[in-house]
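**Q** Below is one structure. I have some questions about it.
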Amino acid sequence: MTKQTSQSPGVSVDALGRPLRSLRVSVIDRCDLRCAYCMPEEDYTWLPKEGILTFDEILRLVDAFVSRGVRRVRLTGGEPLLRSGLVDLIRDLARRSGVEDLALTTNATQLARWAGPLRDAGLKRITVSLDSLKPGRFETLTRRAALDDVLKGIRAASEVGFDELKLNTVVMQDFNDDELIDLVDFATDHGAQARFIEYMDVGGATLWSAERVVTREDILTRLAAHFGPVTPEPSRGAAPAESFTLPNGARVGIIASTTQPFCRTCDRSRLTADGFWYLCLYAGDGIDLRSMLREGATAEQLTTRIAQVWGQRDDRGAEQRLDVPERGALYQIQELRQDPRREMHTRGG
Ligand code: SAM
Ligand code: SF4
Ligand code: SF4
Numbered sequence: 025m026t027k028q029t030s031q032s033p034g035v036s037v038d039a040l041g042r043p044l045r046s047l048r049v050s051v052i053d054r055c056d057l058r059c060a061y062c063m064p065e066e067d068y069t070w071l072p073k074e075g076i077l078t079f080d081e082i083l084r085l086v087d088a089f090v091s092r093g094v095r096r097v098r099l100t101g102g103e104p105l106l107r108s109g110l111v112d113l114i115r116d117l118a119r120r121s122g123v124e125d126l127a128l129t130t131n132a133t134q135l136a137r138w139a140g141p142l143r144d145a146g147l148k149r150i151t152v153s154l155d156s157l158k159p160g161r162f163e164t165l166t167r168r169a170a171l172d173d174v175l176k177g178i179r180a181a182s183e184v185g186f187d188e189l190k191l192n193t194v195v196m197q198d199f200n201d202d203e204l205i206d207l208v209d210f211a212t213d214h215g216a217q218a219r220f221i222e223y224m225d226v227g228g229a230t231l232w233s234a235e236r237v238v239t240r241e242d243i244l245t246r247l248a249a250h251f252g253p254v255t256p257e258p259s260r261g262a263a264p265a266e267s268f269t270l271p272n273g274a275r276v277g278i279i280a281s282t283t284q285p286f287c288r289t290c291d292r293s294r295l296t297a298d299g300f301w302y303l304c305l306y307a308g309d310g311i312d313l314r315s316m317l318r319e320g321a322t323a324e325q326l327t328t329r330i331a332q333v334w335g336q337r338d339d340r341g342a343e344q345r346l347d348v349p350e351r352g353a354l355y356q357i358q359e360l361r362q363d364p365r366r367e368m369h370t371r372g373g
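Under our numbering, the first residue of the sequence shown is numbered 25, with each subsequent residue one higher.
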């Protein structure tokens, strides 16, 4: 049965009292990079093309989610800018009054070309993944010599003036943990906020090991050693990142998903490019909404199903991972090949 908050009729609330507020929509499972923490393998099983949702199908699902409480939509992938016509989808989503916050996560290899059209289409917030400012290191990490393109993309985004530009870095021990200061300074120079993410043992991260994780505490210590006292900002609500202010006025975010998970306030869920709905980044299985759509479900049937499923949600995947002894990668490659929706690049970060 669907529970509803007293303040917000129509908002679905899960079994742990968490409202349905945020939807991450993967628009494509393909990517032009091969980041070592996300796609370290040589070969991948791709989603069949005929299964990928059309924009019309995505919009119908977003409308159904909005009617059950979703207010924030983030487009992701794979690499979302590889999806042809993405600007048209953004324009349609930006026009929907129920979508109060529309954002995009991208690796920025194509952003120099698209920053202006995206802004003109109504996109307000953009997050770019940037794990190193060193060209050789960037190439080693991503298996493409694309740092120049990415930096051009970030410059373009900075110039067209999004309301918010964030630069996400997955921090890995002995790989890029010596670049924290440079990344903060680079972000500041581009009117952006640097955000440091703990390396997560999600699906796809087959090279993950606990030794490779640079913790929130380590990150704060390193920032304080260089910049001086780091001041936490007031409560983050349901946001994954904690924000801090440095003595020079710069703001920095830390996402401590591995060592200090924030499942208790998690209002996020994810839709794969082929229409499977995952209630948690760590969930083994998703709910097939595409079949419902393609079998002619009405808007009401979709919203009823969403409400039923969310009402039973009790996922807290990252918290439960804390109890795993001798924690290693979540999946081995064979398991990912059997079910590519377990991949981070398929369900969307
Ligand atoms: N391709 C786009 C990009 O990289 O920005 C969007 C998709 S990517 C899967 C979304 C986010 O997931 C990125 O910020 C990436 O850093 C993050 N991510 C992927 N694997 C991760 C891991 N093992 N640990 C932490 N973050 C990860
Ligand atoms: Fe890297 Fe994003 Fe591509 Fe994963 S989906 S390999 S994080 S660019
Ligand atoms: Fe939410 Fe699952 Fe991530 Fe916890 S692990 S914050 S429940 S998506």
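The C-beta atom is built at its ideal place from N, Cα and C for all residues, glycine as well.
In whole angstroms, what separates the C-alpha of residue 224 from that of residue 278?
**A** One-based indexing of the sequence shown puts residue 224 at position 200. One-based indexing of the sequence shown puts residue 278 at position 254. Cα-Cα distance, rounded: 13 Å.
**Q** Which residue wins for smallest C-alpha separation from residue 80, given the options 345, 298 and 349?
**A** Here residue 80 refers to the residue found at position 56 of the sequence shown. Answer by Cα proximity: 298.
**Q** Just to check, is the beta-carbon of residue 203 closer than 7 Å to a non-hydrogen atom of ligand 2?
**A** As a first step, residue 203 must be located in the sequence shown, where it is residue number 179. No; taking the cut-off as 7 Å, the Cβ of residue 203 has no heavy atom of ligand 2 nearer than that.
**Q** Alpha helix (DSSP H) containing residue 370: first to last residue?
**A** Residue mapping note: residue 370 aligns to position 346 of the sequence shown, counting from 1. Start and end: 368-371.
**Q** Could you name the residues that DSSP lists as bridge partners for residue 149?
**A** In the sequence shown, residue 149 corresponds to position 125, counting from 1. In the DSSP output, where bridge partners are listed per residue, residue 149 has 127 and 188.
**Q** Would you mind stating whether residue 150 and residue 192 have Cβ atoms separated by less than 8 Å?
**A** Within the sequence shown, the letter at position 126 stands for residue 150. Within the sequence shown, the letter at position 168 stands for residue 192. Contact: no.
**Q** At what residues does the alpha helix (DSSP H) containing residue 208 begin and finish?
**A** Your numbering for residue 208 matches position 184 in the sequence shown. From DSSP, the alpha helix (DSSP H) with residue 208 extends over 204-213.
**Q** Return the residue from the list 253, 82 and 287 that minimises the CA-CA distance to residue 262.
**A** Taking the first residue of the sequence shown as position 1, residue 262 is located at position 238. Checked all of 253, 82 and 287; the closest Cα to residue 262 is 287.
**Q** Taking only three categories from DSSP, how would you classify residue 112?
**A** As a working mapping, residue 112 is identified with position 88 in the sequence shown. Note: residue 112 maps to helix in three-state DSSP.
**Q** Since residue 302 sits in a beta bridge, which residues does DSSP pair it with?
**A** Residue numbering aside, residue 302 sits at position 278 when the sequence shown is read from its first letter. BP columns for residue 302 point to 294.
**Q** Going along the chain, which residues put their C-beta within less than 5 Å of some heavy atom in ligand 2?
**A** Those satisfying the condition are, in chain order, 55, 57, 59, 62, 63, 131 and 369.
**Q** Examine the Cβ distances between the segment 341-353 and the segment 192-204 and report whether three or more of them are shorter than 8 Å.
**A** With the cut-off at 8 Å, the segment 341-353 and the segment 192-204 do not touch.
**Q** What do you reckon, is the C-beta of residue 223 under 7 Å from a heavy atom of ligand 1?
**A** As a position in the sequence shown, residue 223 is number 199, starting the count at 1. Checking the Cβ of residue 223 against ligand 1 gives yes.
**Q** Which residue marks the beginning of the beta strand (DSSP E) containing residue 276, and which one marks its end?
**A** Along the sequence shown, read from residue 1 onward, the residue named residue 276 stands at position 252. Looking at the DSSP string, the run of the beta strand (DSSP E) that includes residue 276 is 275-279.
**Q** Write down the C-beta distance between residue 128 and residue 99 rounded to the nearest angstrom, noting that I regard them as a contact closer than 8 Å.
**A** The sequence position of residue 128 within the sequence shown is 104, counting from 1. The sequence position of residue 99 within the sequence shown is 75, counting from 1. Confirmed, about 5 Å.
**Q** Going by C-alpha to C-alpha distance, which of 304, 290, 247 and 273 sits closest to residue 264?
**A** As a working mapping, residue 264 is identified with position 240 in the sequence shown. For the residues 304, 290, 247 and 273, the minimum Cα distance to residue 264 belongs to 290.
**Q** Please report the straight-line C-alpha distance between residue 208 and residue 370, rounded to a whole angstrom.
**A** Within the sequence shown, the letter at position 184 stands for residue 208. Within the sequence shown, the letter at position 346 stands for residue 370. The straight-line gap from Cα to Cα measures roughly 29 Å.
**Q** Quick one: measure Cβ to Cβ for residue 53 and residue 102, integer angstroms, because I've assumed they're closer than 8 Å.
**A** Residue 53 sits at position 29 when you count from the first residue of the sequence shown. Residue 102 sits at position 78 when you count from the first residue of the sequence shown. That belief holds up - the Cβ atoms of residue 53 and residue 102 are roughly 5 Å apart, short of 8 Å.
**Q** Taking 8 Å as the limit between beta carbons, can you name the residues of its chain near residue 115, skipping five residues before and five after?
**A** Counting from one through the sequence shown, the residue named residue 115 turns up at place 91. Around residue 115: 145 and 146.
**Q** Helix or strand or just coil, what does DSSP make of residue 163?
**A** Start at 1 with the first residue of the sequence shown, and residue 163 comes out as number 139. DSSP places residue 163 in helix when its eight states are reduced to three.
**Q** Taking 7 Å as the cut-off, is the CB of residue 373 close to at least one heavy atom of ligand 5?
**A** Ligand 5 is not part of this structure, which contains only ligand 1, ligand 2 and ligand 3.
**Q** Report buried or exposed for residue 29, applying the criterion of at least 16 other Cβ atoms within 10 angstroms of its Cβ.
**A** The residue labelled residue 29 in the question sits at position 5 within the sequence shown. Confidence in residue 29 is poor, its pLDDT being 41 and thus under 50, which makes the residue's placement too unreliable to answer from.
**Q** Look up residue 118 in the DSSP assignment and say whether it is helix, strand or coil.
**A** For the purposes of this step, residue 118 is identified with residue 94 of the sequence shown, where counting begins at 1. In the structure shown, residue 118 sits in a helix (DSSP, three-state: H, G or I).
**Q** DSSP state of residue 283, grouped into three classes?
**A** For this step, residue 283 is matched to residue 259 along the sequence shown. It is coil, neither helix nor strand.
**Q** Mind checking residue 104: buried by the 16 CB within 10 Å criterion, or exposed?
**A** Taking the sequence shown and counting its residues from 1, one reaches residue 104 at position 80. Buried: at least 16 other Cβ atoms inside 10 Å.
**Q** When burial is assigned at 16 or more other CB atoms within 10 Å of the CB, is residue 327 buried or exposed?
**A** As a position in the sequence shown, residue 327 is number 303, starting the count at 1. Buried: at least 16 other Cβ atoms inside 10 Å.
**Q** For residue 280, which residues in the same chain have their Cβ closer than 6 Å to its Cβ, ignoring the five residues on either side in sequence?
**A** Position 256 of the sequence shown holds residue 280. Excluding sequence neighbours, residue 280 sits near 222 and 240.
**Q** So which residues put a beta carbon under 6 Å from any heavy atom of ligand 3, going in chain order?
**A** The answer, residue by residue, is 285, 286, 287, 290, 292, 304, 305, 306, 339, 340, 341 and 342.
**Q** Check each candidate in 354, 351, 331 and 350 and name the one with the smallest Cα separation from residue 39.
**A** Position 15 of the sequence shown, counted from the first residue, corresponds to residue 39. Of 354, 351, 331 and 350, the residue nearest in Cα terms is 331.
**Q** Going by beta-carbon coordinates alone, are residue 238 and residue 195 separated by less than 8 Å?
**A** The residue you call residue 238 lines up with position 214 of the sequence shown. The residue you call residue 195 lines up with position 171 of the sequence shown. Contact: yes.
**Q** Check whether the Cβ of residue 101 sits closer than 7 Å to any heavy atom of ligand 1, and report yes or no.
**A** Translated into positions along the sequence shown, residue 101 becomes position 77. Indeed, a heavy atom of ligand 1 lies less than 7 Å from the Cβ.
**Q** Roughly how far, in whole angstroms, is the beta-carbon of residue 228 from the beta-carbon of residue 360, given that I think they are within contact range, below 8 Å?
**A** What you label residue 228 is simply residue 204 of the sequence shown in a count that begins at 1. What you label residue 360 is simply residue 336 of the sequence shown in a count that begins at 1. With 8 Å as the limit, residue 228 and residue 360 qualify as a contact, their Cβ atoms being about 7 Å apart.
**Q** Based on the DSSP output, what are the partners of residue 218 in its beta bridges?
**A** Here residue 218 refers to the residue found at position 194 of the sequence shown. Partner(s): 191 and 276.
**Q** Figure out for me which residue from 133, 352, 302 and 46 has the closest Cα to the Cα of residue 58.
**A** Sequence index remark: in the sequence shown, residue 58 carries index 34 (1-based). Nearest option by C-alpha distance: 133.
**Q** List the DSSP bridge partners of residue 47.
**A** In the sequence shown, counting from the first residue as 1, residue 47 sits at position 23. The partner list for residue 47 (beta bridge, DSSP) reads 97 and 293.
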